[in-house]
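Student: The following block contains the structure, expressed as structure tokens.
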């Protein structure tokens, strides 16, 4: 029987970029997984946590732990949300051993999408075809909290018809940073413009990343500058044939 | 956010020349460090970081022991340790000593700790001349500015700025060649070194088992400051301790490389006490001022105590995309960049500039390059929670708090979450999939306006993922 995997699509993908979730499901199904979407899922709580509202983050984290309690694999199209669940949930419950134990039990079962493909499914070629010149943006939390760097590039390099061009500042933050983007918009916007300068220098037509929030920031800045470059989540590229 | 912080950020971002100066200088430092810590250049770089962190953790956890050991060894070498609670006590000690010894002129080498306590201003207030001898610091003293960066204090000034400044303040010809500018400063400072009664330095490390002050530098001015005048005073925060001289084998490998990409700085001075009988140079009197100035407050907080591990290499500033945008002077205290963002609220209280812990995208570049592995993003997150608690105590920030309470409640009720999302999507329909440049009327609220001030807004898709999933 096919292995079952559960999607946590994140609130950003659910509400703003549903195609990313569908693409992720397509890729996983093609690899023979039975894909499940626990309908009671909402958010991981990161917006509250990063803004300093620990009680509110705890509430949402408890809800998350309840929804995904029995899932064997939770696949997330975001390094940042994965890090919230796998790294920060533990620290949210210093006074609640039961919730902390639930968080710790879930941690090894939560996987950022590209890392799941490489380390659990053990594939670096999903049989995709995508005729385009692409550059890859390293999302900070995927890169620095999980060491996700070569994996997505390997997956992209094996896509037929795709040319991958490195940008000079691939590892530099796009400036999103959750509520930082609206609390200190000038700084955030300045960082986004530095990022898109680096993207444009590659001549790539498409920017790919493993986090839709970074891509929202980058696309927002590209669109504002009227630049003909689009953003796509890695899952969308891998689902193309 | 305070208006002052907001204005400094805005002005720095709006100054294209300044932006370029910051970006170029930090890019150069990033590049130098990168080459200095490659697997070829320093194969055990990561192990050294782990070791440095362990040594600092041990030292800070047993600071009382090492401080006393340090004092005993300094005293045994004929020096004297002076314990100071705050800036006033340091100034009182220096002023008192200067009066007793009839000293008129002080030369100083670069020290962030003395910047922290405004020592020059305090001494000048009492008519003691105190001259900075590090080239960057000398430039800033002439310009009446604070350091822009922990390691490269005049990073924001171009050689043209310096040429103008020297011409204006020293009455020399306007020279734009850096070599000529250095010679001008050198000729002024040589006289000061020879005439000075007291030399004041900082300390990069205080070595407990040797009672020694360790200084690293590239210009030789710190060595002159500490050896030419008849009195040397080193001013150091109590966190500068390391247990043993052999620990320097770890820290010296990391400090120069992290700061400027140098395997070692040009000068490394190991100073243990005054001139001894038969020695031909060195000061007659040797003092180490051990400064608290709030450090024991940090020490008491076990969750954020690691902030005291910092060796002031400046790597987190260079690699911080926020520092690279807003520069050093936007920060509300002498310490800028990520390390400034975590220690300023701890030294001065979260009210001093509540926006500071929030001025970060939490990208983690700082923690990645920190040679002593301070988890800066984690401390920023803790400080954010403290700011919100403080707001709640004072009854401020009610609106935002209410929004997050409501948000959390919605996120715990999936049906309501779905309905709320449908309403929001209905307000901002994606007509042709184009990104929005203006807020739809019902979404014209502050956060949306803030987003739109810089970027376009994604259109809401006709259906959410969960709706599409059900139809699949």
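Chains as they are written, first to last, in the numbering used here: chain A, 217 to 457; chain B, 652 to 1123.
Cβ atoms here follow ideal geometry from the backbone N, Cα and C, with glycine treated the same way.
Just so you know, these numbers come straight off a predicted model, no measurement behind them.
Relative to the C-alpha of residue 940(B), which residue among 1023(B), 661(B), 731(B) is closest?
Tutor: By one-based count along the second chain, residue 940(B) stands at place 289. That would be 731(B), whose Cα lies nearest to the Cα of residue 940(B).
Student: Give a yes or no on whether the minimum CB-CB distance between residue 267(A) and chain B is below 8 Å.
Tutor: Within the first chain, the letter at position 51 stands for residue 267(A). Interface residue, yes.
Student: Could you list which residues in chain B have their beta carbon closer than 8 Å to that of residue 391(A), in chain order?
Tutor: The sequence position of residue 391(A) within the first chain is 175, counting from 1. Within chain B, the residues near residue 391(A) are 972, 1012.
Student: Just curious, the beta strand (DSSP E) that residue 379(A) is in, first and last residue?
Tutor: The residue you call residue 379(A) lines up with position 163 of the first chain. Here the beta strand (DSSP E) through residue 379(A) covers 376 to 380.
Student: Going by other Cβ atoms of all chains shown within 10 Å of its Cβ, with 16 needed for buried, is residue 966(B) buried or exposed?
Tutor: Along the second chain, read from residue 1 onward, the residue named residue 966(B) stands at position 315. Result: buried.
Student: Starting from the beta carbon of residue 399(A), find every residue of chain B whose beta carbon is closer than 9 Å, and list them in chain order.
Tutor: What you label residue 399(A) is simply residue 183 of the first chain in a count that begins at 1. Within 9 Å Cβ-Cβ: 652, 1006, 1009, 1010, 1098, 1101.
Student: If the cut is a Cβ gap below 7 Å, which residues of chain A does residue 977(B) touch?
Tutor: As a first step, residue 977(B) is located in the second chain; it is residue number 326 there, counting from the start. 403, listed in chain order.
Student: Output yes or no for whether 8 Å exceeds the beta carbon distance between residue 450(A) and residue 424(A).
Tutor: Taking the first residue of the first chain as position 1, residue 450(A) is located at position 234. Taking the first residue of the first chain as position 1, residue 424(A) is located at position 208. Yes. Within cutoff.
Student: List in chain order: all unbroken beta strand (DSSP E) runs of 3+ residues lying wholly within the stretch 844 to 912 of chain B.
Tutor: Fully enclosed beta strand (DSSP E) runs of 3 or longer: 849 to 852, 856 to 858, 863 to 868, 882 to 888.
Student: Run through DSSP, which three-state label would residue 320(A) get?
Tutor: For the purposes of this step, residue 320(A) is taken as residue 104 along the first chain, with counting starting at 1. Three-state DSSP puts residue 320(A) in a helix.
Student: Which residues, in chain order, does the stretch 239 to 253 of chain A contribute to contact with chain C at a C-beta distance below 7 Å?
Tutor: Note that chain C does not occur in the displayed structure, where the protein chains are A and B.
Student: Specify the secondary structure class of residue 679(B) as computed by DSSP and reduced to three states.
Tutor: Taking the first residue of the second chain as 1, we reach residue 679(B) at position 28. Residue state, collapsed to three classes: helix.
Student: Report the rounded CA-to-CA distance for residue 427(A) versus residue 685(B), giving the unit in angstroms.
Tutor: Against the first chain, residue 427(A) aligns to sequence position 211. Against the second chain, residue 685(B) aligns to sequence position 34. In a straight line, the C-alpha of residue 427(A) is about 26 Å away from that of residue 685(B).
Student: Quick one, which residues of the stretch 338 to 363 of chain A are near chain B if we go by CB-CB under 9 Å, in chain order?
Tutor: Answer set for the stretch 338 to 363 of chain A: 356, 357, 359, 360, 361.
Student: Please return the same chain residues whose Cβ sits closer than 7 Å to the Cβ of residue 907(B), not counting the five positions on each side in sequence.
Tutor: Reading the second chain from its first residue, position 256 is the one you call residue 907(B). Around residue 907(B): 867, 913, 914, 915, 916.
Student: Starting from the C-beta of residue 860(B), find all residues in its chain whose C-beta is less than 8 Å away, skip the five residues before and the five after it, and write them out in chain order.
Tutor: Taking the second chain and counting its residues from 1, one reaches residue 860(B) at position 209. Excluding positions up to five away in sequence, the list reads 720, 724, 894, 895, 896.
Student: Using 10 angstroms around the beta-carbon of residue 921(B), count the other beta-carbons present and answer buried if the total reaches 16, otherwise exposed.
Tutor: Working through the second chain from its first residue, we reach residue 921(B) at position 270. Under this definition residue 921(B) is an exposed residue.
Student: Assuming residue 856(B) and residue 835(B) form a contact by the criterion Cβ under 8 Å, report the distance between their Cβ atoms to the nearest whole angstrom.
Tutor: If you number the second chain from 1, residue 856(B) lands on position 205. If you number the second chain from 1, residue 835(B) lands on position 184. With a Cβ gap of about 32 Å, residue 856(B) and residue 835(B) do not count as contacting.
Student: Starting from residue 259(A), find everything on chain B with Cβ-Cβ shorter than 7 Å and list it in chain order.
Tutor: Indexing the first chain from 1 puts residue 259(A) at position 43. Within 7 Å Cβ-Cβ: 1062.
Student: From the beta carbon of residue 419(A), is the nearest beta carbon of chain B less than 8 Å away?
Tutor: By one-based count along the first chain, residue 419(A) stands at place 203. Closer than 8 Å: no.
Student: Who are the near neighbours of residue 954(B) in its chain, counting only those whose CB is closer than 7 Å to its CB and skipping five residues on each side?
Tutor: Sequence index remark: in the second chain, residue 954(B) carries index 303 (1-based). Answer for residue 954(B): 1033, listed in chain order.
Student: Report the option in 268(A), 270(A), 415(A), 335(A) whose CA atom is closest to the CA atom of residue 445(A).
Tutor: The residue you call residue 445(A) lines up with position 229 of the first chain. Looking at the Cα atoms, 415(A) is the closest of the given residues.
Student: Are residue 934(B) and residue 758(B) touching if we call contact CB-CB under 8 Å?
Tutor: As a working mapping, residue 934(B) is identified with position 283 in the second chain. As a working mapping, residue 758(B) is identified with position 107 in the second chain. In this structure, residue 758(B) does not lie closer than 8 Å to residue 934(B) by Cβ.
Student: Hey, does residue 306(A) have any beta-carbon neighbour from chain B nearer than 8 Å?
Tutor: Position 90 of the first chain, counted from the start, is the residue given in the question as residue 306(A). With 8 Å as the cut-off, residue 306(A) does not count as an interface residue toward chain B.
Student: Residues of the stretch 276 to 296 of chain A with a CB closer than 7 Å to any CB of chain B: list them in chain order, please.
Tutor: Those residues of the stretch 276 to 296 of chain A that come within reach of chain B (Cβ to Cβ, closer than 7 Å) are 276, 279.
Student: Run through chain A and tell me which residues come within less than 7 Å of residue 1114(B), C-beta to C-beta.
Tutor: Counting from one through the second chain, the residue named residue 1114(B) turns up at place 463. Correct list: 234.
Student: What's the gap between the Cα of residue 957(B) and the Cα of residue 964(B)?
Tutor: What you label residue 957(B) is simply residue 306 of the second chain in a count that begins at 1. What you label residue 964(B) is simply residue 313 of the second chain in a count that begins at 1. Taking the straight line from one Cα to the other gives about 15 Å.
Student: Which residue marks the beginning of the beta strand (DSSP E) containing residue 447(A), and which one marks its end?
Tutor: For the purposes of this step, residue 447(A) is taken as residue 231 along the first chain, with counting starting at 1. From DSSP, the beta strand (DSSP E) with residue 447(A) extends over 446 to 449.
Student: Rounded to the nearest angstrom, what separates residue 382(A) and residue 918(B) at their Cα positions?
Tutor: Position 166 of the first chain holds residue 382(A). Position 267 of the second chain holds residue 918(B). So the two alpha carbons sit approximately 39 Å from each other.
Student: Can you tell me whether DSSP reads residue 735(B) as helix, strand or coil?
Tutor: Translated into positions along the second chain, residue 735(B) becomes position 84. Strand.
Student: Taking contact to mean at least 3 C-beta pairs separated by less than 8 Å, is the stretch 744 to 751 of chain B in contact with the stretch 789 to 801 of chain B?
Tutor: These segments do not touch.
Student: Closest to residue 1120(B) by CA distance: which of 371(A), 301(A), 242(A), 387(A) is it?
Tutor: Start at 1 with the first residue of the second chain, and residue 1120(B) comes out as number 469. Of the candidates 371(A), 301(A), 242(A), 387(A), the one whose C-alpha sits nearest the C-alpha of residue 1120(B) is 242(A).
Student: Ignore the nearest five residues each way along the sequence and tell me which others in residue 767(B)'s own chain have a CB closer than 6 Å to its CB.
Tutor: Within the second chain, the letter at position 116 stands for residue 767(B). Answer for residue 767(B): 985, listed in chain order.
Student: Using a Cβ distance threshold of 8 Å, determine whether the stretch 1103 to 1114 of chain B contacts the stretch 393 to 408 of chain A, with at least three qualifying pairs required.
Tutor: Yes: the two stretches touch, three or more of their Cβ pairs being nearer than 8 Å.
Student: Along the stretch 222 to 233 of chain A, what residues have a CB closer than 7 Å to any CB found in chain B?
Tutor: Going along the stretch 222 to 233 of chain A in chain order, one finds 225, 229, 230, 231, 232 with a Cβ nearer than 7 Å to chain B.
Student: Do you know offhand how far residue 976(B)'s Cα is from residue 728(B)'s?
Tutor: Stepping through the second chain from its first residue, residue 976(B) is reached at position 325. Stepping through the second chain from its first residue, residue 728(B) is reached at position 77. Spanning the two alpha carbons is a distance of roughly 47 Å.
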